[in-house]
Structure formats: structure tokens, C-alpha cells
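S.K.:
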Amino acid sequence: MRVLGIETSCDETAVAVVEDGRTILSNLISSQVDLHRRFGGVVPEVAARAHVEVLNPLMEQALAEAGASFGGLDGVAATVGPGLVGALQVGLAAGKAASLATGAPFIGVNHLEGHIFANFLEHGPPEPPYVCLVVSGGHTMLIHMPEEHRYEILGQTVDDAAGEAFDKVARLLGLGFPGGPAVDELARKGNPDAVRFPRAMASSGDLDFSMSGLKTAVLRHVRGEQAAGRAINPADLAASFQEAIVDVQVSKTIRAARDRGVERVLLGGGVVANTRLRERMRDEVGAAGLRVLFPSLELCTDNAAMIACAGTSRLLLGERTPLDVGADPNLRLAS
Amino acid sequence: MIVLGVETATPQSSVALGSERGLIASVLLAGVAHQEAVVPALQHLLEWSEAELSQVGGVAVGIGPGLFTGLRVGVETAKTLAQVLRVPIVGLNSLDVLAYSVRYTQKLVGAVIDGRRGEVFYATYRTAPGGVMRMSDYAVGTAGRLVGELQAKGNEVLLVGNGALLYRRELEELGSKVEFASATLAHPLASSLVELAIPRFIREEADRLFDVVPLYLRKSDAEIAWDQRARGA
Ligand SMILES: [Zn+2]
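Top to bottom, those sequences are chains V and L. First residue of the first sequence? That's 17 in our numbering, and the numbers climb one at a time after it. First residue of the second sequence? That's 8 in our numbering, and the numbers climb one at a time after it.
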């Protein structure tokens, strides 16, 4: 089964062709990061405009690279939400039109489910149940999956997503946009124990996250050092900040798995590309007697192969999305 | 040759199928989001008219100006249909399409589409053999600015479009020289779009598929703020 995946929920225009939900025939991403850099963040209207310019040539290229054609598709999958509403509209319109014109069935995909299914592209679907941590620029969420396509939200951020915290600290350090990769790289040269930042809600009984306390603590630290006339070591600051975030993610993920009595942990989302998070998850989740899976770096960040993969899984169950579906910026994972 | 038309510059979505011999079928739908309306409406048109997609020889789309999200849905839908069906595409200005529906007048025609934020998108036209001829640039501005421009021209004018009706009171300052086309004609019609596009397909004057984009006439807020900062610095 050959499925075309389309993803335009934020600032990446992405198209992929995936065979049987496992084999990536092509997986193309056109990043808009250069368009948004001067604004210091993603501008929704700029993102939506760029998708309209880029998506069609990218579809052509993705099919060519896959050695596929529109006529040979068995399904079309496009992200329906969550995400930036104007950006979502573009990929969704293209997906529906491609379905109408090819006659291949259409399936609308939840972007978060896509991040989870990114794991299945490389590892195949392991037997449920699992606990999933989805961390990205827009989401920080712990999810229990008792079976495929069934989701129970265990906890999520009460304020910013982890990726937003990375962006804000990067801005504070003058590292520019996007912040995640910049902080990651700088932190490698720093001492994670240099500054002890608060582990927000680490000891709270629930599985929610909060980033605002940490963000304020970083800002207060920088101001305090400046007032005292001391130079800041940006690498130490980046490493210490990152350590505080990673600490909470690791401990809450392990606790969630223990609470639910599951043995498998899946990670997904752009922040899972963070070196320190991967390292510590591998070590500590493993040491806790759990098995952890995460996608390769290219499949952590937004891509369309994960959308095609999740879509294929639903199409194989006989699901179809009616062509009058609208974009849903706040789409939830159905339980 | 069947031409399929998609027009989504205003809150009314319209789609149509037509050929050299005239209109085959059309759907108008107001009050339903473009994303929800356009593809199902096309699906129904094809079913009801028993037209096959393989008979479609061209896709026409209104590129605006108008509602940004609506335009993106319409343009992206049209581009993808043309791409998959491997047929040529023609993008036409939605103000031109709007003016075309009131072409049988000797008056100056002002096509006016609501641009939100207290502004309208507009252009002026004269009737011409086979359609209308544009007499001004495509512009964005307040109704007051449009009144000023029309006053300077001094002609009798027929205003058409949802923007003209929305700002009717301001535009009536033009006095006895102004007339308003009815609400039924207030949105660019996919049927007019198809009629206008057919000669282009026959003359093989299609657009380059990947170059078809909405005509926004207005930058994003972030870009406007950036430009202002850059100018101030
Ligand atoms: Zn994402």
C-alpha cells in the first residue's frame, strides 16, 4: 500500500511517499526557517503563504524520488491538526484535492499521532501498551497508549511547550532562532551542574509539566550575574538549563511508565532530537528496566513520512476521512 | 473541453464546470468554511453532471484579492487538481471576475471586495467587447479613499461586490452618481471565472502551475511591523 503524506502544520512544508507504512520511498522537507528567522519565531501568515508556494513542486519531487505517480497511490494522508490553522489549511486542501483527483482514499491525520508513529517507521509497531512522551515546539505531553490508536493523556504542559522554552533561552543568550539545536550544541561545551535551576513540578504528584518557572529562573540568574558584574558563561547556562528540562522529562516519563505498568516508552517530537535528552533517556529509562524507542533525528522533527505512516495504519483499519473535514488547530488525540 | 472553476475570495465559495458551449453546473455556498465546502462541492458537481475527471481539460481559479485563508484553500485545491490531472491552470483576478458579472453597463464599474480591517480591495473597469477592461491598478484602502478616487474621476459609477455593500453608507457620499449592484452579484462567481478562462485555454495562454499564488495586496502584520522598524532605524 503506497501512501502520499502531506504535512504543513507549522513552518515545515513536507511531503513523503511511504510503502506499507514502513518503507520510506521519499521524505522531503522544505524548511521555512530562513523566512522566520528575522522575526525570532514562526509567523503564522508567513508560514501559510510559503506553504502555497512550495507544496506543489515538493509533491512532484517526492513522487519522482519515490519512483511513484499520483495514479499509483493507494491513499493520501494529510495533517488535520493540531497546529497553525492557516498553515494546516494548505496541506489539507492539497490532500483532499489529490484524493478527489486520484480516487485514492483520504485520511486526515493527527500531527501528534504522527510523531508517535514516526517510531514505527524504523522499529515496526511494537506490541502495546506503551507510554509516549511527545515534546516539540508546540507540545509537551505524556500519553498512555493501551492499544494502537487509543490515547489517554497522562499529563501535559500547563504553560509553554519545551521547545518554546528552548527558543526563549536561546533568544536570551543571543543564539537566534530556532533555539533547540543552538542550545543543544552550546550545552555540549558547558557544565550541566554549573547552575542549579528549579526542576519545575518534578516532585508534584501529577504528570504535568511547567516551563515558566524555569524560564523565569534563567532570566533572574542572568540579571543577577549582570548586576553583580560577573560574566556569564553561556555554555554553562545552556547546559544547566537543558539539564533542568531533561531531568523533569526523564523522571516524569519513568514515573508514567511505572504508574501504568508498561514496559515500553516511545518518544517523539522535535525536542527528542536533543542530544542530552536522547542520551539520558537511553541510559536511565533503560536502567529502570524499561525499553525506550525514539526515531532517528530526521524523523523527530516535523516530516510527512510519519503522517503517511499513521495514515496507512488507519487506512488499513478501513478508516476514511470525509472530504468536508476542516482543519482543527486544537485537535486532540481521541481516547 | 470541460473547465473546472474554483472561486473563494469572499465568504461565498463557488465552484463550476463549463465548456465552450456554456455552463454545465455550478454550486454557490455561503456561510460554510471554504475548506469544508470546496472539495465536496466539486465532488457533487462531477457526480450530478456525470462529468468524468478525465474530461476536465483545464482548471481556473480566482486568485483574489480577498480572504487570505479562503484564497489559499481555493488556490491550493485548484493547483493540486491541475497537477494530478496534468491539465493547464489559469489564475484570474477575483475583482476582474466580479466586474465581469455587471459588464452590460455604460457606467464605470467599481469592483469592491471586503478586505476586513476596515479596508476594501478594489479596481475600476469599463465594458469592452467580450468582457471588461480594467481602468486602474488593483488597490487596497478604506472606503473613504475609494470615494476620493471615484470623486476625482467624476464618472457615473456602478459599484459591485460585498465590500461595496458593507460600506454602502460611506460610498453613498458619491451622491446620485453612484449605483449599487444587488447582493446576488456581490461575490465573484465561479461560473464567470470559467467563462473568462475558457478563451485563455483555447489560446493556450495558461499560467505556470507552480507560479499560481494568491494575490494578497497586503503584507502580513509581522512583515509590516518589521518594515516599520527597519524604516525607523
Ligand atoms: Zn511536530
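All residues carry an ideal CB built from backbone N, CA and C; glycine is no exception.
Helix, strand or coil for alanine 217 of chain L, going by three-state DSSP, please let me know.
M.R.: The identity of residue 217 of chain L in the sequence shown is phenylalanine, whereas the question assumes alanine. Three-state DSSP puts phenylalanine 217 of chain L in a helix.
S.K.: Near glycine 81 of chain L, which residues of its chain fall below 7 Å by C-beta distance, leaving aside the five closest residues on each side in sequence?
M.R.: So the list reads Val13, Glu14, Thr15, His41, Val45, Val68, Gly69, once near-sequence residues are dropped.
S.K.: Is it right to say arginine 280 of chain V is buried, meaning 16 or more other beta carbons lie within 10 angstroms of its own, or is it exposed?
M.R.: So arginine 280 of chain V ends up on the buried side.
S.K.: Do glycine 56 of chain V and glycine 153 of chain V come within 8 Å of each other at the CB atom, strictly closer than that value?
M.R.: Contact flag unset, no.
S.K.: Could you give the uninterrupted runs of the beta strand (DSSP E) lying entirely in the stretch 29-82 of chain V, keeping only those of 3 residues or more?
M.R.: The qualifying runs are 39-47.
S.K.: Tell me the DSSP secondary structure of glutamate 100 of chain V in three-state form.
M.R.: Here residue 100 of chain V is leucine; the residue named in the question, glutamate, does not match the sequence. Note: leucine 100 of chain V maps to coil in three-state DSSP.
S.K.: Looking at the secondary structure, which residues open and close the alpha helix (DSSP H) in which asparagine 169 of chain L lies?
M.R.: 169-173 is the span of the alpha helix (DSSP H), which, as asked, contains asparagine 169 of chain L.
S.K.: Is histidine 131 of chain V near ligand 1, judged by its Cβ being under 7 Å from some heavy atom?
M.R.: Flag set: Cβ of histidine 131 of chain V near ligand 1.
S.K.: For the candidate residues V/Tyr146, V/Val238, V/Ala93, V/Ser46, whose alpha-carbon lies nearest to that of proline 73 of chain V?
M.R.: Of the listed residues, the one whose Cα sits closest to proline 73 of chain V is V/Ser46.
S.K.: Hey, quick one: how far does the alpha helix (DSSP H) through glutamate 138 of chain V stretch, first residue to last?
M.R.: 127-139 is the extent of the alpha helix (DSSP H) around glutamate 138 of chain V.
S.K.: I'd like to know whether the C-beta of glycine 102 of chain V is nearer than 8 Å to at least one C-beta of chain L.
M.R.: Yes, its Cβ sits closer than 8 Å to a Cβ of chain L.
S.K.: In or out: glutamine 90 of chain L buried (at least 16 other Cβ within 10 Å) or exposed?
M.R.: Buried: at least 16 other Cβ atoms inside 10 Å.
S.K.: Which residues of chain L have a Cβ atom closer than 8 Å to the Cβ of threonine 95 of chain V, listed in chain order?
M.R.: None at all; the shortest Cβ gap to chain L is about 13 Å.
S.K.: I think phenylalanine 133 of chain V touches alanine 326 of chain V, with their Cβ atoms under 8 Å apart; what is that distance to the nearest whole Å?
M.R.: About 4 Å separates the two Cβ atoms, so the contact holds.
S.K.: So leucine 1 of chain V is in the alpha helix (DSSP H); what residue range does that whole segment cover?
M.R.: Residue coverage of chain V in this structure runs from 17 to 351, which leaves residue 1 of chain V outside it and unanswerable.
S.K.: Should aspartate 318 of chain V be listed as close to ligand 1, given that the test is whether its C-beta is under 7 Å from any heavy atom?
M.R.: Yes, since a heavy atom of ligand 1 falls inside the 7 Å radius drawn around the Cβ of aspartate 318 of chain V.
S.K.: Which residues in chain V have a C-beta closer than 7 Å to the C-beta of threonine 76 of chain L? List them in chain order.
M.R.: Neighbours of threonine 76 of chain L on chain V, chain order: Gly102, Gln105.
S.K.: Do histidine 127 of chain V and ligand 1 come close, with the Cβ less than 7 Å from some heavy atom?
M.R.: Yes, Cβ of histidine 127 of chain V sits closer than 7 Å to a heavy atom of ligand 1.
S.K.: At a CB-CB cut-off below 9 Å, which residues of chain V make contact with tryptophan 55 of chain L?
M.R.: Within chain V, no residue comes near tryptophan 55 of chain L; the closest Cβ sits about 15 Å away, beyond 9 Å.
S.K.: Report all residues from its chain with a CB closer than 7 Å to the CB of lysine 112 of chain V; omit the five preceding and five following residues, and keep chain order.
M.R.: So the qualifying residues of the chain are Phe122, Leu339.
S.K.: Measuring only between beta-carbons, confirm whether leucine 216 of chain L sits less than 8 Å from chain V.
M.R.: For leucine 216 of chain L, the answer is yes, since a Cβ of chain V falls inside 8 Å of its Cβ.
S.K.: Ligand 1 and serine 152 of chain V: does the residue's C-beta get closer than 7 Å to at least one heavy atom of that ligand?
M.R.: Under cutoff, so the answer is yes.
S.K.: So, does the CB of threonine 17 of chain L fall closer than 8 Å to a CB anywhere in chain V?
M.R.: By this cut-off, threonine 17 of chain L is not an interface position.
S.K.: Cβ atoms of valine 97 of chain L and glycine 65 of chain L: under 8 Å apart, would you say?
M.R.: Yes, the Cβ-Cβ distance between glycine 65 of chain L and valine 97 of chain L is below 8 Å.
S.K.: For glutamate 295 of chain V, is the classification buried or exposed, using 16 other Cβ atoms within 10 angstroms of its Cβ as the cut-off for buried?
M.R.: Counting Cβ neighbours within 10 Å, glutamate 295 of chain V comes out exposed, since fewer than 16 surround it.
S.K.: My understanding is that glycine 102 of chain V touches glutamate 61 of chain V, with C-beta atoms under 8 Å, so please give their C-beta distance in whole angstroms.
M.R.: Between glutamate 61 of chain V and glycine 102 of chain V the Cβ distance is about 6 Å, and since that is below 8 Å, they are a contact.
S.K.: Does any residue of chain L have a CB that is nearer than 8 Å to the CB of asparagine 72 of chain V?
M.R.: At least one chain L Cβ lies under 8 Å of asparagine 72 of chain V.
S.K.: Should glycine 83 of chain V be listed as close to ligand 1, given that the test is whether its C-beta is under 7 Å from any heavy atom?
M.R.: For ligand 1, not one heavy atom lies less than 7 Å from the Cβ of glycine 83 of chain V.
S.K.: Can you list, in chain order, the residues of its chain with a C-beta nearer than 6 Å to that of glycine 124 of chain V? Leave out the 5 residues immediately preceding and following it.
M.R.: For glycine 124 of chain V, where only same-chain residues beyond five positions count, the Cβ hits under 6 Å are Val96, Thr337, Val341.
S.K.: Can you name the residues that DSSP bridges to alanine 130 of chain L?
M.R.: Bridge partners of alanine 130 of chain L: L/Ala118.
S.K.: For the stretch 223-230 of chain V against the stretch 174-193 of chain V, are there 3 or more C-beta pairs whose distance is under 8 Å?
M.R.: The stretch 223-230 of chain V, when compared against the stretch 174-193 of chain V, does touch it at the 8 Å Cβ threshold.
S.K.: Note down, in chain order, each residue of its chain lying with its Cβ closer than 7 Å to the Cβ of valine 238 of chain V, except the 5 sequence neighbours on either side.
M.R.: Closer than 7 Å at Cβ, skipping near neighbours: Leu188, Ile248.
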